[in-house]
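Numbering (this note's numbering), first residue to last: 407 to 725. Cβ coordinates follow ideal geometry from the N, Cα and C atoms, glycine included. On a predicted model such as this, the values are computed, not experimentally measured, just so you know. Below is one structure, written out as structure tokens, with a few remarks after it.
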Amino acid sequence: MRPVVVLSEPIHEAGLAVLRAAAEVLVLQQSTPAILRRAIADADAVIVRLSPLDAEMMAGAPRLRVIGRHGAGLDNVDLAAATQRNIPVVFVPRTHGVSVAEHTIMLMLALAKHSLRLDQAVRRGEFHLRNQLTGMELDGKTLGVVGLGNIGRMVAEKCRSAFTMRVLGYDPLLAPGLAVPADRVADLDVLLRDSDVVTLHVPLTAQTRRLLGARQLALMKSTAVVINTSRGEVIDEEALAEALRAGRIAGAAVDVYATEPPPADHPLLSAPHTMLTPHTAAHTEEALRRMAVSIADDVLAVLRGDRPIHVANPEVYER
Numbered sequence: 407m408r409p410v411v412v413l414s415e416p417i418h419e420a421g422l423a424v425l426r427a428a429a430e431v432l433v434l435q436q437s438t439p440a441i442l443r444r445a446i447a448d449a450d451a452v453i454v455r456l457s458p459l460d461a462e463m464m465a466g467a468p469r470l471r472v473i474g475r476h477g478a479g480l481d482n483v484d485l486a487a488a489t490q491r492n493i494p495v496v497f498v499p500r501t502h503g504v505s506v507a508e509h510t511i512m513l514m515l516a517l518a519k520h521s522l523r524l525d526q527a528v529r530r531g532e533f534h535l536r537n538q539l540t541g542m543e544l545d546g547k548t549l550g551v552v553g554l555g556n557i558g559r560m561v562a563e564k565c566r567s568a569f570t571m572r573v574l575g576y577d578p579l580l581a582p583g584l585a586v587p588a589d590r591v592a593d594l595d596v597l598l599r600d601s602d603v604v605t606l607h608v609p610l611t612a613q614t615r616r617l618l619g620a621r622q623l624a625l626m627k628s629t630a631v632v633i634n635t636s637r638g639e640v641i642d643e644e645a646l647a648e649a650l651r652a653g654r655i656a657g658a659a660v661d662v663y664a665t666e667p668p669p670a671d672h673p674l675l676s677a678p679h680t681m682l683t684p685h686t687a688a689h690t691e692e693a694l695r696r697m698a699v700s701i702a703d704d705v706l707a708v709l710r711g712d713r714p715i716h717v718a719n720p721e722v723y724e725r
């Protein structure tokens with residue numbers, strides 16, 4: 407009998423083709439926790455994108471042999487519960503870095519040049535605003551990169567080489583001797599005070615939740631902008647909106663939110679000087695194809711009895 411693989415949301419057709427060649431595949435078009443719980447009750451594998459997968463759901467899926475996370479972050483999967491049940495959790499850590507880095511730089515340029523506001527000015531017949539909105543050159547400015555993993559290093563390297571930006575980097579978890587394309591600082595406050603652009607590239611953990619709150623935002627230059635393409639809860643969203651309304655920082659670009667989609671009363675929706683995108687930094691044809699094929703390959707590897715390439719809890723293979 408072919409194994410059953412449930413997907414909480416659709417993935418690229420290339421990944422679906424890999425899965426369908428070896429398994430029965432169920433793709434949910436609507437994925438509430440209740441729907442997902444019922445769908446995986448008799449599944450051998452589940453692949454989630456943004457849908458949460460908690461211990462209770464796993465307990466209701468006694469046949470579950472592998473969990474796939476279509477992405478690099480693991481904050482929506484209860485990794486401890488999966489490990490306790492001896493279920494490998496596979497993920498795709500290095501398939502979409504280029505796309506996220508490019509999206510970050512797009513947001514950076516859009517804020518610096520007022521791209522969205524100028525586009526709207528032309529469409530509204532407000533051509534005269536060309537004399538009222540002046541942009542900022544990135545050349546020679548200071549970029550503060552918070553998190554020097556794969557994506558953070560890509561952003562640092564691209565901005566340093568393309569815009570000759572001075573790059574500061576903060577990452578207390580990185581090995582001290584590791585070469586990175588940034589001048590490393592040991593104190594986040596120093597980076598925030600000195601940077602013209604601050605960009606966040608950290609996973610969501612207990613240590614990074616609300617890493618940027620009201621106190622940290624108050625340290626930034628009034629001309630500085632902040633970009634978040636990592637996880638919504640890394641920033642205190644209410645504090646960010648208040649800093650924008652008060653003019654304590656010049657702008658913010660956000661791709662991720664504590665609640666997705668953001669509710670109609672989300673503070674950033676009414677905050678000035680913002681550019682908001684719907685968690686699409688990794689959504690390029692190339693990245694989505696790589697992610698889908700990679701997660702499909704690793705899920706099927708586990709179902710065959712092989713060890714996957716990218717496993718978040720390798721200790722399940724060491725027992």
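query, result
"Among 643, 647, 653, nearest to residue 666 - alpha-carbon criterion", "643"
"Cβ neighbour criterion (16 or more within 10 Å) applied to residue 528", "exposed"
"Residue range of the beta strand (DSSP E) that includes residue 473", "472-475"
"Length of the line joining the Cα atoms of residue 520 and residue 700", "37 Å"
"N- and C-terminal bounds of the beta strand (DSSP E) containing residue 634", "631-634"
"Spatial distance of residue 541 from residue 620 (CA atoms)", "26 Å"
"Of the listed residues 614, 696, 425, nearest to residue 499 (C-alpha basis)", "696"
"Distance between beta carbons of residue 576 and residue 610, contact taken as under 8 Å", "At roughly 17 Å, the Cβ-Cβ gap does not stay under 8 Å, so residue 610 and residue 576 are not in contact."
"Cα-Cα separation between residue 371 and residue 562, rounded to whole angstroms", "Outside the modelled stretch of the chain, which goes from 407 to 725, sits residue 371, for which no answer is possible."
"CB of residue 704 within 9 Å of CB of residue 474, strictly", "yes"
"Contact check, residue 709 vs residue 411, beta carbons under 9 Å", "yes"
"First through last residue of the beta strand (DSSP E) which encompasses residue 658", "657-660"
"Residue 409 burial status per 10 Å Cβ neighbour count (16 or more: buried)", "buried"
"Own chain partners of residue 458 with C-beta closer than 6 Å, once the 5 adjacent residues on each side are dropped", "482"
"Contacts around residue 629, its chain only, beta-carbon distance under 6 Å, and the 5 residues preceding and following it disregarded", "656"
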